[in-house]
Amino acid sequence: MSTTALQSEEALLARIRKQQLIESIDHMSPVYLEGMKRILTVSADTELISAPAYYHAAVHAPSLNTFGSAISIIQDELGHAHIAYRLMRDLGVDTDELIFERDPHNFKYPYAFDVPLDSWIELIVANAFYDRAGYTLLGDVYESTTFGPWKRALIKVDKEETFHLRHGEQGMRKLNQDNSGHEALQEAVDWMFLLTVEWFGLPDDLKKHGEIDCAFPAHFDARVKRWLLEDGPCTWDDVMKRWKARGPKNEEFVGMVQRGKREMLRLLEQEA
Ligand SMILES: [Fe+2]
Ligand SMILES: [Fe+2]
Numbered sequence: 002m003s004t005t006a007l008q009s010e011e012a013l014l015a016r017i018r019k020q021q022l023i024e025s026i027d028h029m030s031p032v033y034l035e036g037m038k039r040i041l042t043v044s045a046d047t048e049l050i051s052a053p054a055y056y057h058a059a060v061h062a063p064s065l066n067t068f069g070s071a072i073s074i075i076q077d078e079l080g081h082a083h084i085a086y087r088l089m090r091d092l093g094v095d096t097d098e099l100i101f102e103r104d105p106h107n108f109k110y111p112y113a114f115d116v117p118l119d120s121w122i123e124l125i126v127a128n129a130f131y132d133r134a135g136y137t138l139l140g141d142v143y144e145s146t147t148f149g150p151w152k153r154a155l156i157k158v159d160k161e162e163t164f165h166l167r168h169g170e171q172g173m174r175k176l177n178q179d180n181s182g183h184e185a186l187q188e189a190v191d192w193m194f195l196l197t198v199e200w201f202g203l204p205d206d207l208k209k210h211g212e213i214d215c216a217f218p219a220h221f222d223a224r225v226k227r228w229l230l231e232d233g234p235c236t237w238d239d240v241m242k243r244w245k246a247r248g249p250k251n252e253e254f255v256g257m258v259q260r261g262k263r264e265m266l267r268l269l270e271q272e273a
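In case it helps, the working numbering puts the sequence shown at residues 2 to 273.
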């Protein structure tokens, strides 16, 4: 897309100061446009990859009913991804290329989704923790974004995320009723809690809202899903290295998303 219609930084700021929302690309400055594309990519990728990540665990649902709720959550997530990618298309991004041609390593979702959820219990904890994290971050975006189309779209996203995290919290409460459920829950929480904290990125002093009483940041052994807390804290550089290398399921989950399009193209070619 040509960038002829973009505004100057001053014109953009003047609009924001008048408390007017940014409604389209021709209200944006080059810096605003790039920033918006970057944050929308993180949001869209996170929603998209949560679908295969949750599906990996949904197949362990204990009943048809619970499988149904998991699938409806997955459907919501694909809808959320669609919203964010659709907004990016209006900003001139080739979203087909972004979704289907991008190297899995260049997707921008939290590392947590690269670590497989292998049971129904882990899916429940993911709904309680990961969806809560997403809900918190998107609530922040909703409050502070000046991009009107995204702000309005987040009203629907917010309602659905509330359903997801309730699904998680109610599920955890139910599992916690007997000893074996409690133990299994604790085992999941042991590896999933800190991955959720990492979701919020590198802490600066302003961002320290909670207290963490173990080594953090820390090394994580993704193969066995265990924190090496006995080694003491690591540096954020170590964490960045782990995030950049991506985790065990990165290629598989992105592959699940990209495979459908390739199969469809192959079918169309055969017909032609
Ligand atoms: Fe979502
Ligand atoms: Fe969600």
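By construction, the Cβ of each residue, glycine as well, lies at the ideal position given by its N, Cα and C atoms.
Does the distance from the CB of residue i to the CB of residue j come in under 8 Å?
i	j	result
Ala52	Glu78	yes
Ala142	Glu199	First, the residue type needs correcting, since residue 142 is Val and not Ala in the sequence shown. No, these two residues do not count as a Cβ contact at 8 Å.
Phe221	Arg247	no
Glu48	Ala85	yes
Trp121	His61	yes
Leu22	Phe217	no
Ala134	Gly169	no
Pro249	Ala223	yes
His106	Asn251	yes
Asp46	Tyr131	no
Ser30	Leu13	yes
Ile50	Phe108	yes
Leu186	Asn177	yes
Met37	Leu92	yes
Leu7	Leu34	yes
Glu162	Leu139	yes
For the alpha helix (DSSP H) that contains residue i, what are its first and last residues?
i	result
Gln8	Per DSSP, Gln8 belongs to no alpha helix (DSSP H) and is neither H nor E.
Tyr86	65-91
Phe254	251-272
Glu48	31-59
Val142	121-145
Trp244	237-246
Leu155	149-176
Ile213	Segment: none, Ile213 is in no alpha helix (DSSP H) and carries neither H nor E.
Gly182	180-199
Glu98	96-101
Sort out for me which residues DSSP pairs residue i with in a bridge.
i	result
Phe1	Limits of the chain in this structure are 2 at one end and 273 at the other, which puts residue 1 out of reach.
Asp222	Arg227
Ile23	Phe148
Does the beta-carbon of residue i, which I'm using as the reference point, lie nearer than 7 Å to any heavy atom of ligand 4?
i	result
Asp159	This structure simply doesn't include ligand 4; it includes ligand 1 and ligand 2 instead.
### Message
I want to know whether the region 69-77 touches the region 110-118 - three or more CB-CB distances under 8 Å.
### Response
No, the region 69-77 does not touch the region 110-118.
### Message
With three or more C-beta pairs closer than 8 Å as the rule, is the region 49-63 touching the region 251-261?
### Response
yes
### Message
Counting beta carbon pairs with one atom in the region 226-234 and one in the region 180-192, are three or more of them shorter than 8 Å?
### Response
yes
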